[in-house]
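Under the working numbering, the first residue of the sequence shown carries the number 222, and numbering increases by one thereafter.
C-beta: ideal position from N, C-alpha, C; glycine also.
Contents: one structure, followed by commentary.
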Amino acid sequence: MRRVKLVSISAVALLALACDPSSEESGSEETGEPSACAEETRAMSYGAGMEVMGEAGLAKIMLVDASPAPPIRDLNDWQLSLMDADGAPLEVMSIEVTPWMPDHGHGSPNPDTALLAGDETGSYELVNLDLFMAGYWEVHFDIEIDAETSERVTYGFCVD
Ligand SMILES: [Cu+2]
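Rendered as structure tokens:
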């Protein structure tokens, strides 16, 4: 019965089930209140307007607003502002967004996830960011500033 059901659901959901099938069940059996985040030390605590500097120190991204706030295990929409290191709006060649669960080695390939450019320079909306599984997620923004210069900004959130 279980297998027949699995076949009919999406590849993303299959990945979730294959990834760590025991965590939710064992958690609730033992404590009655499973939390994937209670002991998570890598996660950032969300605040509207929070900023994360890129690894190369060349660009930063402000998470102007998240909806829902804080981010949840499910679909998320984020309003973003891309700036240079001094906080000036930054125009770039491209940005690639990769949601990633480092502990499980998988992403979240949802075809509805999109990064939309806003009206103002450096303003973006990330829609349908799919943090489909409880646990620690990284959201990588790989930014091609120009032909020779790239930057990576990473947000890290835990969702229950
Ligand atoms: Cu996972």
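For a quick check, are the C-beta atoms of residue 278 and residue 304 less than 8 Å apart? Between residue 278 and residue 304, the CB-CB gap reaches or exceeds 8 Å.
Any alpha helix (DSSP H) of 4 or more consecutive residues that is wholly inside the segment 243-304: DSSP runs (the alpha helix (DSSP H)) wholly in the segment 243-304: 244-252.
With respect to 7 Å, is the separation between the Cβ of residue 325 and the closest non-hydrogen atom of ligand 1 below this value? Checking every heavy atom of ligand 1 against the Cβ of residue 325, one is found closer than 7 Å.
Taking only the alpha-carbon atoms, compute the straight-line gap between residue 310 and residue 270 and give it to the nearest angstrom. Between the alpha carbons of residue 310 and residue 270 lies a distance of about 15 Å.
State the start and end residues of the unbroken beta strand (DSSP E) segment that holds residue 350. Residue 350: member of the beta strand (DSSP E) spanning 344-351, first to last residue.
By alpha-carbon positions, which one of 365, 359 and 370 ends up nearest to residue 185? This structure does not reach residue 185, given that the chain is present from 222 up to 381, and the question cannot be answered.
Ligand 1 and residue 356: does any heavy atom of the ligand fall closer than 7 Å to the residue's C-beta? Result yes, Cβ under 7 Å from ligand 1.
Answer with buried or exposed for residue 268, where buried requires no fewer than 16 other C-beta atoms within 10 angstroms of its C-beta. Around the beta carbon of residue 268, a 10 Å sphere encloses fewer than 16 other beta carbons of the protein chains shown; the residue is thus reported as exposed.
Spatial neighbours of residue 334 in its chain, beta-carbon cut-off 8 Å, leaving aside the 5 residues before and after: Cβ within range, chain order: 318, 320, 347, 348, 349, 350 and 351.
Do you know whose CA, among 379, 330, 298 and 281, lies nearest residue 289's CA? Residue 298 is the option with its Cα nearest to residue 289.
Can you tell me the Cβ-Cβ gap for residue 356 and residue 257, rounded? I've got them flagged as a contact below 8 Å. Sure, about 4 Å apart at Cβ, within 8 Å.
Cβ of residue 302 within 8 Å of Cβ of residue 283? The Cβ atoms of residue 302 and residue 283 sit closer than 8 Å to each other.
Check whether residue 292 and residue 378 have beta carbons under 8 Å apart: Contact flag set, yes.
Inter-residue Cα distance where the pair is residue 369 and residue 274: When rounded, the distance between both Cα atoms is 19 Å.
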